[in-house]
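Enquirer: So in numbering that gives the first Met the number 0, the last spot in the sequence shown is 101, and the numbers never skip.
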Amino acid sequence: MWAFGIWLAAAAFAGDPDAGRSVYVAKCQACHGASGKGDGAAAAALPKPPKDMTTKEFWATMTDERLKSTISNGKAGGTMRPFPMSETQLDDLATYLRSLKP
Ligand code: HEC
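Rendered as structure tokens:
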């Protein structure tokens, strides 16, 4: 299991988490909250608040593909709109989000 974990870490995004954090603060924090818990200032007004991205449960079902496609395409039926960005920014952002995993 640990070997698989190391493989995953190595195979995961090679983005820059600091650059990703800047994108997050600018585009995502209002809803997803400063720490990713889904408690941003705008979250209270949403029909369905964003999930807490700092839990094991969240990451248990979140694949790299789904993470990136959610950011690029949004989520059908939700208030999560698409955020088109460059592949580099997407990698940086995904790397930052992965760092929220406990
Ligand atoms: C207007 C508020 C808002 C903003 C801004 C926003 N989100 Fe979301 N996001 C949501 C909501 C609400 C959900 C839950 C949607 C649902 O479950 O239908 C969500 C869900 C998600 C999910 C989980 C998708 C899943 O399959 O469970 C991810 C990942 C995510 N957002 C990432 C981001 C990122 C990265 C940004 C910035 C680029 C961002 N969001 C900006 C409101 C927002």
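For each residue, glycine too, the CB sits at the ideal point set by N, CA and C. Just so we're clear, the structure is a prediction, and the values are computed from it rather than from any experiment.
Could you tell me if P81 is buried or exposed, where buried requires 16 or more neighbouring beta carbons within 10 angstroms of its beta carbon?
Expert: Counting Cβ neighbours within 10 Å, P81 comes out exposed, since fewer than 16 surround it.
Enquirer: Can you give the beta carbon distance from D102 to A93, rounded, assuming they're within the 8 Å contact cut?
Expert: What the structure shows of the chain is the stretch from 0 to 101, and residue 102 is not part of that stretch, so it cannot be assessed.
Enquirer: Regarding P49 and the ligand HEC, is the C-beta to nearest heavy atom distance less than 6 Å?
Expert: Yes, Cβ of P49 sits closer than 6 Å to a heavy atom of the ligand HEC.
Enquirer: For the ligand HEC, is there any heavy atom lying closer than 6 Å to the beta carbon of A29?
Expert: Yes, since a heavy atom of the ligand HEC falls inside the 6 Å radius drawn around the Cβ of A29.
Enquirer: For D38, I'd like the list of residues in its chain whose CB is within less than 7 Å of its CB, leaving aside the five on either flank, ordered along the chain.
Expert: So the list reads G32, once near-sequence residues are dropped.
Enquirer: Could you check if K74 belongs to the surroundings of the ligand HEC, using beta carbon to heavy atom distance under 6 Å?
Expert: Within the cutoff, so yes.
Enquirer: Helix, strand or coil for C30 per DSSP?
Expert: Note: C30 maps to helix in three-state DSSP.
Enquirer: To the nearest angstrom, how far is it from the Cα of A10 to the Cα of G77?
Expert: Bear in mind that a pLDDT of 48 at A10, under 50, signals an unreliable position, so the number given afterwards is only what the model happens to contain. So the alpha carbons of these two residues sit roughly 30 Å apart.
Enquirer: Any heavy atom of the ligand HEC closer than 6 Å to the CB of G19?
Expert: The answer is no for G19.
Enquirer: In terms of residues, what are the limits of the alpha helix (DSSP H) holding T87?
Expert: Taken as a continuous stretch (DSSP letters only), the alpha helix (DSSP H) holding T87 covers 86-97.
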